[in-house]
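Going letter by letter, the sequence shown gives residues 16 to 209 in my numbering.
Ideal Cβ positions, reconstructed from N, Cα and C, are used throughout, including at glycine.
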Amino acid sequence: MTHSILLSGVGGQGILLAAKIIGEAAVASGYEVCSNEIHGMAQRGGCVTAQVRFGVQIHSPLILEGTADVLAALEHIEALRWAHVLKPQGLAIVSRQTILPVTVSSGKATYPADVEARLRKVFPRLLYVDCVSKADAMGDARFANMIVVGMIASALPLETSAWHEAIRLHVPEKLFPQNIEAFAFGRALKEGTH
Numbered sequence: 016m017t018h019s020i021l022l023s024g025v026g027g028q029g030i031l032l033a034a035k036i037i038g039e040a041a042v043a044s045g046y047e048v049c050s051n052e053i054h055g056m057a058q059r060g061g062c063v064t065a066q067v068r069f070g071v072q073i074h075s076p077l078i079l080e081g082t083a084d085v086l087a088a089l090e091h092i093e094a095l096r097w098a099h100v101l102k103p104q105g106l107a108i109v110s111r112q113t114i115l116p117v118t119v120s121s122g123k124a125t126y127p128a129d130v131e132a133r134l135r136k137v138f139p140r141l142l143y144v145d146c147v148s149k150a151d152a153m154g155d156a157r158f159a160n161m162i163v164v165g166m167i168a169s170a171l172p173l174e175t176s177a178w179h180e181a182i183r184l185h186v187p188e189k190l191f192p193q194n195i196e197a198f199a200f201g202r203a204l205k206e207g208t209h
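Below you can see the structure in the form of C-alpha cells.
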C-alpha cells in the first residue's frame with residue numbers, strides 16, 4: 016500500500032523540515048520513499064509545498080488530484096488552496112494560523128473571515144488545532160511544525176521509534192526533547208477534539 020502526504024504552508028514555517036522527517040521515518044520503517052518540494056518565493060512569505068509518498072515500491076513523488084491520504088497545512092488558507100489533492104475520505108490536518116499574503120497586506124485582496132466554516136464544509140475529516148499557541152506554551156512557537164508532524168504520525172503506520180530517529184537526525188540535539196514533546200502532543204490529538 017502507498018501512502019501520500021501533501022504538506023503546505025508559507026515560507027519559514029518548517030514545511031521542508033517536516034517533509035524530511037516524514038521521509039526519514041518511512042525509510043527507517045523499511046519503505047521506499049519519493050518526495051519533492053516547491054518553495055519559489057518562500058523567503059518572501061510565498062507558498063511552500065512538499066509531497067511525500069512511501070510504500071513498497073514508489074515510482075514518483077507526485078500526488079495526483081484526489082489521491083492524498085493526508086493534507087497537512089501550517090496555514091489554514093493554504094489548506095483550502097490544496098483541498099483538491101486530498102482523497103474524499105482523506106484526513107486534513109490544519110494549523111489554525113493566519114499569515115496574510117502580500118495581496119491582502121497591499122489591499123488588493125481580502126482575507127476571508129469565515130475560514131473555519133469553509134474548512135469544515137470542505138473537509139469531512141478535519142483536525143484543526145491552534146498549533147502556534149500550543150507550541151508557544153511549550154517554549155517556542157517554532158515547534159508548531161513538530162505538532163503537525165505528530166498529527167500526521169497518528170494517521171500513518173510507522174513506529175514511534177522510527178519517528179524519534181528521524182526527528183533526532185534533523186533537529187539540533189539541544190532541542191530534541193522539546194521537539195519530541197511537541198511531536199507527542201500532536202500525535203495524541205484526535206479528530207474533532209480541538
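{"query": "In three-state terms, what does DSSP make of Gln112?", "result": "coil"}
{"query": "Does DSSP classify Ile53 as helix, strand or coil?", "result": "strand"}
{"query": "When burial is assigned at 16 or more other CB atoms within 10 Å of the CB, is Ala40 buried or exposed?", "result": "buried"}
{"query": "Would the stretch 61-73 and the stretch 193-203 be scored as touching if the rule is three or more Cβ pairs under 8 Å?", "result": "no"}
{"query": "Check each candidate in Leu79, Leu204, Gln28, Val186 and name the one with the smallest Cα separation from Val147.", "result": "Gln28"}
{"query": "For the stretch 89-97 against the stretch 130-143, do three or more pairs of beta-carbon atoms, one drawn from each stretch, fall closer than 8 Å, so that the two count as touching?", "result": "yes"}
{"query": "Closest by CA to Ala43, which one among Pro76, Arg183, Met16?", "result": "Arg183"}
{"query": "With burial defined as no fewer than 16 other Cβ atoms inside 10 Å of the residue's Cβ, what is the status of Gly122: buried or exposed?", "result": "exposed"}
{"query": "Which residue's Cα is closest to the Cα of Ala177: Thr17, Ser23, Tyr46?", "result": "Tyr46"}
{"query": "Just to check my reading of the structure: Ser75 and Cys49 have Cβ atoms closer than 8 Å, yes? What is that Cβ distance to the nearest angstrom?", "result": "6 Å"}
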